[in-house]
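In order, the protein sequences belong to chains A and B.
Start counting the first sequence at 1; every next residue gets the next number (this note's numbering).
Start counting the second sequence at 1001; every next residue gets the next number (this note's numbering).
Beta carbons: idealized from backbone N, C-alpha and C, even for Gly.
Just so we're clear, the structure is a prediction, and the values are computed from it rather than from any experiment.
Protein chains: 2
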Amino acid sequence: MTEANIALIEAAADRLRGHARVTPLLSSPFLDEIAGRRVLVKAECLQHTGSFKFRGGWSAVSALPEEVRGKGVVAVSTGNHAQGVAYAAQLHGVPSVIVMPADAPKLKIENTRALGAEVILYDRETENRDEIGAKLSRERDLTLIKPYDDPQVIAGQGTIGLELAQQLADEDIAKADVLIPCGGGGLSSGIGLALEAWAPGLRIRPVEPADFDDVKRSLASGRIEKNPKATGSLCDAILTPSPGSITFPILSRIAGPGLSVTDDEALRGMALAFSRLKIVLEPAGAVALASALLHPNESEGDAVIVVASGGNVDAPVFREALDRFAD
Amino acid sequence: MTEANIALIEAAADRLRGHARVTPLLSSPFLDEIAGRRVLVKAECLQHTGSFKFRGGWSAVSALPEEVRGKGVVAVSTGNHAQGVAYAAQLHGVPSVIVMPADAPKLKIENTRALGAEVILYDRETENRDEIGAKLSRERDLTLIKPYDDPQVIAGQGTIGLELAQQLADEDIAKADVLIPCGGGGLSSGIGLALEAWAPGLRIRPVEPADFDDVKRSLASGRIEKNPKATGSLCDAILTPSPGSITFPILSRIAGPGLSVTDDEALRGMALAFSRLKIVLEPAGAVALASALLHPNESEGDAVIVVASGGNVDAPVFREALDRFAD
Chain A
1 MTEANIALIE
11 AAADRLRGHA
21 RVTPLLSSPF
31 LDEIAGRRVL
41 VKAECLQHTG
51 SFKFRGGWSA
61 VSALPEEVRG
71 KGVVAVSTGN
81 HAQGVAYAAQ
91 LHGVPSVIVM
101 PADAPKLKIE
111 NTRALGAEVI
121 LYDRETENRD
131 EIGAKLSRER
141 DLTLIKPYDD
151 PQVIAGQGTI
161 GLELAQQLAD
171 EDIAKADVLI
181 PCGGGGLSSG
191 IGLALEAWAP
201 GLRIRPVEPA
211 DFDDVKRSLA
221 SGRIEKNPKA
231 TGSLCDAILT
241 PSPGSITFPI
251 LSRIAGPGLS
261 VTDDEALRGM
271 ALAFSRLKIV
281 LEPAGAVALA
291 SALLHPNESE
301 GDAVIVVASG
311 GNVDAPVFRE
321 ALDRFAD
Chain B
1001 MTEANIALIE
1011 AAADRLRGHA
1021 RVTPLLSSPF
1031 LDEIAGRRVL
1041 VKAECLQHTG
1051 SFKFRGGWSA
1061 VSALPEEVRG
1071 KGVVAVSTGN
1081 HAQGVAYAAQ
1091 LHGVPSVIVM
1101 PADAPKLKIE
1111 NTRALGAEVI
1121 LYDRETENRD
1131 EIGAKLSRER
1141 DLTLIKPYDD
1151 PQVIAGQGTI
1161 GLELAQQLAD
1171 EDIAKADVLI
1181 PCGGGGLSSG
1191 IGLALEAWAP
1201 GLRIRPVEPA
1211 DFDDVKRSLA
1221 SGRIEKNPKA
1231 TGSLCDAILT
1241 PSPGSITFPI
1251 LSRIAGPGLS
1261 VTDDEALRGM
1271 ALAFSRLKIV
1281 LEPAGAVALA
1291 SALLHPNESE
1301 GDAVIVVASG
1311 GNVDAPVFRE
1321 ALDRFAD
């Protein structure tokens, strides 16, 4: 069976070259002052489809044998994985079916449809999304692309780690905490595997919403912990119930202690990204930046690296961040 | 006397390497659909200090002999040039004095002070800013760095053209209009000179606010025309009275016809940059994007290139763009 490792990540990087964007590493002297150390932000909101998920989607779709890929793919997603898979499928010229929660941001649902996908909505509180996805896969002969517990998806997200290793070497940074927004752990584990191979002085730190800190608690207890609830945070993109069965062993081995921030802190991170970096972040995409800026004592070192993972936010939520927290 | 030409731009690029950011070229299938052609956006809002002006500031400060530079610099600016020069001076360890209009966005004034500059405010309607700058230069032995009519400033902005030539070659685009927000013409003439040398199939098109279209009218009449008023647009960064005496002859030789958009169109451009590109633009920084998307019949070719020149916008103006024009 395919295993998520550095060879798989490097193979994914070859397939992504010229298709995924190499995203910039941004900074501001104003943010450095707030954090009391250098803050370097990997702006993955500038990736195609507005989040890092395009990397995993492209990696998984491009890894399929041509005749399997031609039958189409199905994905189950709160929105960003949906768009990433839909656009990757569209660019490969193959059909996609996306199962999304009915309460996902309107912009994400519309964008997914506009990227050529057939969208099927479900109720996050009462229906089991994984069962819906498995049934569609079986009945319509579509390849199911899981959002994080898939080695090729993890490999795609890991290409961010390869870019970071190069970009941080250019900045002469060999030792730092790397703060990463974390749902099921695909992004964190992919980046962690890449850094383990190419920049072992960099330590990954998953960051979650305060009431959905299953990965933080799982890392502390050494076994998979679950969140008591499924909804109730603005950080919709990372409200997964527990770390994945593939991602958790990787994170257990290489991640530092988990971190968490409140929704209000995520909104404050969005406002600071607006005024100081000129990028648009969604709440889930801002949790790592919020931790770096608002809980600097929880990170270590002379510099902190932040992954700003996505920017697919509806205007009313962005306005709330500006109204309450912009200078 | 130093002349703005391709050799000066390439020398500036050498001095800027490792100091200015190579900004990404962004795109979205949704914007392509609106414009009816490929739209590629050079996101210069992601430059240090939030606008392209850091390039010109760094170019001019770094070109000074060390003993001249050590005495300090003075600049007169609506805000973005102010921050660019102030930060370039701070990074060189030399003092800066910045003359700014009292009605410039609060964020720009505060940022300029925080970047180590001494800020002197003036009244845009009643005082002559150039006289204030010249007097300070004389009395305090500071080198005056003009916002656009300075060969080294033009050379710094021209480094964007060198990056564009490379990035567009990677995209297999050899022929297109390049739409550029235009005040005094430093950005347009610098980019134009670089493209003339390295990508002659690309034609620059200056874009201005509708009631401040002095460059458009000057290009049409063949002589320097002035704007009847000095204030009255949200596009504060590009409300210059007329094209410069250095920039106008360059633009006359190499620019295509000028373009213009209303303030409402600039706000709509900002909303589309928010939802589709995940970048923050100020009104002046969005005029070229607005022209490409909302007046596609005024550009030519299979693709249109847009310079998104800056993102230094106060939250209330950004909120207005979202309230009125976000989906």
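Under a three-way DSSP split, which group does Glu-1118(B) fall into? strand
7 Å Cβ shell around Lys-226(A) - same chain, five flanking residues per side excluded: Asp-214, Pro-241 and Ser-242
Provide the residue span of the beta strand (DSSP E) that contains Ser-188(A), from first to last. Not the beta strand (DSSP E): Ser-188(A) falls in the alpha helix (DSSP H), residues 186 to 198.
Starting from the beta carbon of Arg-1217(B), find every residue of chain A whose beta carbon is closer than 7 Å, and list them in chain order. Ordered by position in chain A, no residue passes the 7 Å Cβ test against Arg-1217(B), which lies about 31 Å from the chain.
Helix, strand or coil for Arg-328(A) per DSSP? The structure shown does not extend to residue 328(A), since chain A is modelled only from 1 through 327, so no value can be given for it.
Grab the span of the beta strand (DSSP E) containing Asp-1177(B) for me, first residue to last. 1176 to 1181
Between which two residues does the beta strand (DSSP E) harbouring Pro-249(A) extend? It is not in any beta strand (DSSP E) - Pro-249(A) instead sits in the alpha helix (DSSP H) that spans 247 to 254.
Less than 7 Å between the C-beta atoms of Asp-1123(B) and Ala-1102(B), yes or no? yes
Other residues of its chain near Lys-1216(B): CB distance less than 8 Å, five sequence neighbours each side excluded: Pro-1206, Glu-1208, Pro-1257, Gly-1258, Leu-1259 and Ser-1260
Have a look at Leu-26(A) and Gly-192(A) and give me their C-alpha separation to the nearest angstrom. 20 Å
Contact set between Val-280(A) and chain B, taken where Cβ atoms lie within less than 7 Å: Phe-1274, Lys-1278, Ile-1279 and Val-1280
So which residues of chain A does Pro-1024(B) contact, with C-beta pairs closer than 9 Å? Arg-21, Val-22, Thr-23, Pro-24, Ala-43 and Leu-46
Which residues bound the beta strand (DSSP E) around Gly-1164(B)? Note that residue 1164(B) is Leu in the sequence shown, not Gly. It is not in any beta strand (DSSP E) - Leu-1164(B) instead sits in the alpha helix (DSSP H) that spans 1151 to 1170.
Straight-line Cα distance separating Phe-1248(B) from Gly-1354(B): This structure gives no information on residue 1354(B), because the portion of chain B shown stretches from 1001 to 1327.
Could you list which residues in chain B have their beta carbon closer than 9 Å to that of Asp-327(A), in chain order? Lys-1106, Leu-1107, Glu-1110, Asp-1314 and Ala-1315
Which two residues bound the contiguous alpha helix (DSSP H) that contains Pro-316(A)? 315 to 325
Along chain B, in chain order, which residues have C-beta atoms closer than 7 Å to that of Leu-322(A)? Ala-1315, Phe-1318 and Arg-1319
Check the DSSP bridge columns for Pro-1101(B) and list the partner residues they point to. Tyr-1122(B)
Identify the residues that DSSP records as bridge partners of Gly-330(A): which are they? As displayed, chain A neither begins before 1 nor continues past 327, which places residue 330(A) out of reach and without an answer.
Quick one: which residues of the segment 1029 to 1043 of chain B get their C-beta closer than 9 Å to a C-beta of chain A? List them in chain order. Pro-1029, Phe-1030, Glu-1033 and Ala-1043
Could you have a look at Ile-305(A) and say whether DSSP puts it in helix, strand or coil? strand
Residues of chain B with CB closer than 9 Å to the CB of Ala-114(A), please, in chain order. Pro-1029, Phe-1030 and Glu-1033
Neighbour list for Gly-311(A) in chain B, Cβ cutoff strictly below 8 Å: Lys-1278
Along chain B, in chain order, which residues have C-beta atoms closer than 9 Å to that of Leu-84(A)? The residue you asked about is not Leu; residue 84(A) is Gly in the sequence shown. What Gly-84(A) touches in chain B: nothing, since even the nearest Cβ is about 13 Å away.
By a C-beta neighbour count over all protein chains shown, 10 Å radius and 16 as the cutoff for buried, is Gly-1269(B) buried or exposed? buried
Three-state secondary structure (DSSP) of Ala-1012(B): helix
7 Å CB neighbourhood of Ala-290(A) in its chain, flanking five on each side removed: Val-261, Glu-265, Ala-266, Arg-268 and Gly-269
Contacts that Gly-1156(B) makes with chain A (C-beta to C-beta distance below 7 Å): Simply none; closest approach about 19 Å.
Measuring only between beta-carbons, confirm whether Gly-1050(B) sits less than 7 Å from chain A. yes
Alpha carbons only, please: which of Phe-318(A), Glu-10(A) and Leu-121(A) is nearest the one belonging to Val-76(A)? Leu-121(A)
Once the 5 residues before and after Val-119(A) are set aside, which same chain residues still bring their CB inside 7 Å of it? Ile-98, Met-100, Ile-109, Thr-112 and Arg-113
By the 10 Å Cβ neighbour count, where 16 or more other Cβ atoms means buried, how is Asp-141(A) classified, buried or exposed? exposed
Touching or not, the segment 1049 to 1057 of chain B and the segment 1072 to 1089 of chain B, by the rule of three or more beta carbon pairs under 8 Å? yes
Where does Ile-1034(B) sit, in a helix, a strand or coil, going by DSSP? helix
Measuring CB to CB, does Gly-57(A) end up less than 7 Å from Ala-35(A)? no
Here's the rule: buried if 16 or more other CB atoms are within 10 angstroms of the residue's CB, otherwise exposed. What is Gly-1070(B)? exposed
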